[in-house]
Amino acid sequence: MGVKFVDTSALVKTYRNEPDSPRIQAEILPGDDLIISEITLLEMPSAFYGLTRQRIISLPIAQAFISGFEQDISNYTIIPMSTALLQHARALLASHSVVDGLRPADAIQLASAIEANNPKPLECLLTTDIVLARVAAANGLTVRP
Amino acid sequence: MKPIRGHYDGNVVVLDEPAPVKHKVPVVVQFPDDEPEANSVAPKRYHWDETRKIQDGYSGSVSDEVIRQRRMD
Chain A
759 MGVKFVDTSA
769 LVKTYRNEPD
779 SPRIQAEILP
789 GDDLIISEIT
799 LLEMPSAFYG
809 LTRQRIISLP
819 IAQAFISGFE
829 QDISNYTIIP
839 MSTALLQHAR
849 ALLASHSVVD
859 GLRPADAIQL
869 ASAIEANNPK
879 PLECLLTTDI
889 VLARVAAANG
899 LTVRP
Chain B
936 MKPIRGHYDG
946 NVVVLDEPAP
956 VKHKVPVVVQ
966 FPDDEPEANS
976 VAPKRYHWDE
986 TRKIQDGYSG
996 SVSDEVIRQR
1006 RMD
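Chains as they are written, first to last, in my numbering: chain A, 759 to 903; chain B, 936 to 1008.
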């Protein structure tokens, strides 16, 4: 059993079979303690609603995915977007926005993962976001896949 | 030594310990009602299997939509 932080970009692939889903699904083992950022509670439904706005998937389909996720929320350890966490995210943005392309949601995800990494190190951060992965690794986190 | 015996709620209670003295003494017993059993934690159940069966007709990546929304200016 491991403690893993799951970024929204990776978490989506546990709920839906799509490109790269097998790689993410293989990383999560029964009994793992899965940690997510509070912003994932917004990013996850927003992605499905976004595809509905673009007329790619229907609203009932989007709602079915969102409902599955929302029924699981109590299973995840959620890092709240506290004032201290947002201050840390601002500092990360100042360091990595211009050079590395870090954006606000990335910064919140990264600050959450760093908070979850202390005092006991995470086994890994799961993400498919290349920018987040690069900056997270530069900040000492183990990133997969 | 005899085992420790007492009464609780009309029943005889026998503790799995020999009596440390031969005369009657008061004993305080705390039953471990509130202690979780070692294997009582149910495994977490996720809805991944159910949602993976949803046929949405989209061959692209919702994960990419997450990232696209992050990168919007």
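Using N, Cα and C, we set each Cβ at its ideal position, and we do this for glycine too.
- Within the segment 941 to 969 of chain B, no residue has a Cβ lying closer than 7 Å to any Cβ of chain A.
- Counting other Cβ atoms within 10 Å of its Cβ, A/Ser840 stays below 16 and is therefore classed as exposed.
- In the structure shown, B/Gly941 adopts extended strand secondary structure according to DSSP, grouped into three states.
- In the DSSP assignment, A/Lys771 falls within the unbroken alpha helix (DSSP H) covering 766 to 773.
- Excluding the 5 residues flanking it on each side, A/Arg848 has same chain C-beta neighbours closer than 8 Å at Ala865, in chain order.
- Residue burial is scored here from C-beta neighbours: B/Lys988 has fewer than 16 other C-beta atoms within 10 angstroms and is therefore classed as exposed.
- Judged by beta-carbon spacing, A/Val770 lies within the 9 Å limit of B/Val997, meaning their Cβ atoms are closer than that value.
- A/Leu817 counts as exposed, since fewer than 16 other beta carbons sit within 10 angstroms of its beta carbon.
- Excluding sequence positions up to five before and after A/Thr835, its CB lies within less than 6 Å of the CB of Ile793, all in the same chain and listed in chain order.
- Per DSSP, A/Asp864 has no beta bridge partner at all.
- Residues of the same chain with a CB within less than 7 Å of the CB of A/Thr772, apart from the 5 flanking positions on each side, are Ile782, Gln783, Ile786 in chain order.
- With fewer than 16 other beta carbons inside 10 angstroms of its own, B/Ala977 counts as exposed.
- Within the segment 804 to 815 of chain A, the residues whose Cβ lies closer than 8 Å to any Cβ of chain B are, in chain order, Ser804, Ala805, Phe806, Gly808, Leu809, Ile814, Ile815.
- Two segments are said to touch when three or more pairs of C-beta atoms, one from each, lie closer than 8 Å; by this definition the segment 943 to 962 of chain B does not touch the segment 788 to 803 of chain A.
- Assigned with DSSP and collapsed to three states, A/Thr900 falls in coil, not helix or strand.
- Taking C-alpha positions only, A/Leu899 is separated from B/Ile1002 by approximately 20 Å.
- A/Asp791 has A/Val761 as its beta-bridge partners, per DSSP.
- Look at B/Val949 here: in three-state DSSP terms it is strand.
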